[in-house]
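> All residue numbers for the sequence shown refer to numbering that gives the first Met the number 0, where the first residue is 0 and numbers rise by one. All C-beta atoms, glycine included, are put in the ideal place defined by N, C-alpha and C.
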Amino acid sequence: MRILLAEDDDRIRRDVTQALEASGYVVDSETNGEEAWFLGDTETYAAAILDLGLPGMDGLAVLKRWRADGRDFPVLVLTARGAWTERVEGIDSGADDYLPKPFRMEELVARLRAIIRRSGGQANPVVTVGEAELDTRQMRLSIRGVPVNLSPQEYRLVAYLMLNKGRVVSQQELSEHLQSVHFERESNAIEVLVGRVRRKLSIALIETRRGFGYIVAEPDSAP
Numbered sequence: 000m001r002i003l004l005a006e007d008d009d010r011i012r013r014d015v016t017q018a019l020e021a022s023g024y025v026v027d028s029e030t031n032g033e034e035a036w037f038l039g040d041t042e043t044y045a046a047a048i049l050d051l052g053l054p055g056m057d058g059l060a061v062l063k064r065w066r067a068d069g070r071d072f073p074v075l076v077l078t079a080r081g082a083w084t085e086r087v088e089g090i091d092s093g094a095d096d097y098l099p100k101p102f103r104m105e106e107l108v109a110r111l112r113a114i115i116r117r118s119g120g121q122a123n124p125v126v127t128v129g130e131a132e133l134d135t136r137q138m139r140l141s142i143r144g145v146p147v148n149l150s151p152q153e154y155r156l157v158a159y160l161m162l163n164k165g166r167v168v169s170q171q172e173l174s175e176h177l178q179s180v181h182f183e184r185e186s187n188a189i190e191v192l193v194g195r196v197r198r199k200l201s202i203a204l205i206e207t208r209r210g211f212g213y214i215v216a217e218p219d220s221a222p
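Structure below.
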């Protein structure tokens, strides 16, 4: 899944990017509030991590514009500011969670996973579909209790489809969530990736809906 990171501190941005990539996410990062707002308004993200103290446009203004424009992806706000009134204003403006600086990377990643799960209506960190089980904490897919050896990109594909189980996801949406905005997206990349994943699975987990996309169907709704 693709995350937008808006942070102007070089060290924090580098460390957060490394932690997120190690946790299976694709990261687009910006240091300027105006550019962060534009990316969030024109690209597709599973979530955003937003520093309040951005140059160009402060994080709170970015958040308010996203929500006013109908952008409803979850947002985790970072701030070095200590006033509780600012935290309340951030939550009231549409933030899904708040993390004061300094923070532990483990906590940031855990909070991010939680707001992404909640946005998809999934509170449990373990997603189960029939005989498939996805542990979002350990980034592991198991079939009948046996772990499946997936590459990071293959895991991101399965995770996105399982977190959106019961919904048809288009190739374009998958491409936007699995690849950075700076990555040249090949027309058949998702089709090739899905084929590679299917060869590793012992069950028919991912269905193709011709002309529409792919779906991980709930067992009781599978045709």
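Please report the Cβ distance between residue 196 and residue 156, rounded to the nearest whole angstrom; I am assuming they are in contact, meaning their Cβ atoms lie under 8 Å.
On the sequence shown, residue 196 is found 197 positions in, with the first residue counted as 1. On the sequence shown, residue 156 is found 157 positions in, with the first residue counted as 1. The Cβ separation is near 6 Å, so the contact holds.
> Rounding to the nearest angstrom, what Cα-Cα distance links residue 50 and residue 147 in this structure?
Taking the sequence shown and counting its residues from 1, the one referred to as residue 50 is at position 51. Taking the sequence shown and counting its residues from 1, the one referred to as residue 147 is at position 148. Residue 50 and residue 147 have their alpha carbons spaced roughly 36 Å apart.
> Is residue 114 near residue 96, with beta carbons less than 7 Å apart?
Mapped onto the sequence shown, residue 114 falls at position 115. Mapped onto the sequence shown, residue 96 falls at position 97. Yes, these two residues count as a Cβ contact at 7 Å.
> Secondary structure at residue 205, three-state DSSP: helix, strand or coil?
Counted from its first residue, the sequence shown places residue 205 at position 206. Coil.
> If the criterion is Cβ atoms closer than 7 Å, does the pair residue 5 and residue 46 meet it?
Here residue 5 refers to the residue found at position 6 of the sequence shown. Here residue 46 refers to the residue found at position 47 of the sequence shown. No, the pair does not count as a contact, with Cβ atoms beyond the cut-off.
> Measuring CB to CB, does residue 140 end up less than 7 Å from residue 92?
As a first step, residue 140 must be located in the sequence shown, where it is residue number 141. As a first step, residue 92 must be located in the sequence shown, where it is residue number 93. No; because the gap between Cβ atoms is not below 7 Å, this pair is not in contact.
> Per the DSSP calculation, residue 146 is bridged to which residue(s)?
As a position in the sequence shown, residue 146 is number 147, starting the count at 1. The partner list for residue 146 (beta bridge, DSSP) reads 141.
> Cα separation between residue 129 and residue 143?
Here residue 129 corresponds to residue number 130 of the sequence shown, with the count starting at 1. Here residue 143 corresponds to residue number 144 of the sequence shown, with the count starting at 1. One C-alpha to the other measures close to 9 Å.
> Going by C-alpha distance, which of 138, 33, 199, 205 is nearest residue 56?
Walking along the sequence shown from the start, residue 56 turns up at place 57. Ranking the options by Cα distance to residue 56, first place goes to 33.
> Return the chain-ordered list of same chain residues with a C-beta closer than 8 Å to the C-beta of residue 90, the five sequence neighbours on each side being excluded.
Working through the sequence shown from its first residue, we reach residue 90 at position 91. Once the five neighbours on either side are set aside, the close Cβ partners of residue 90 are 97.
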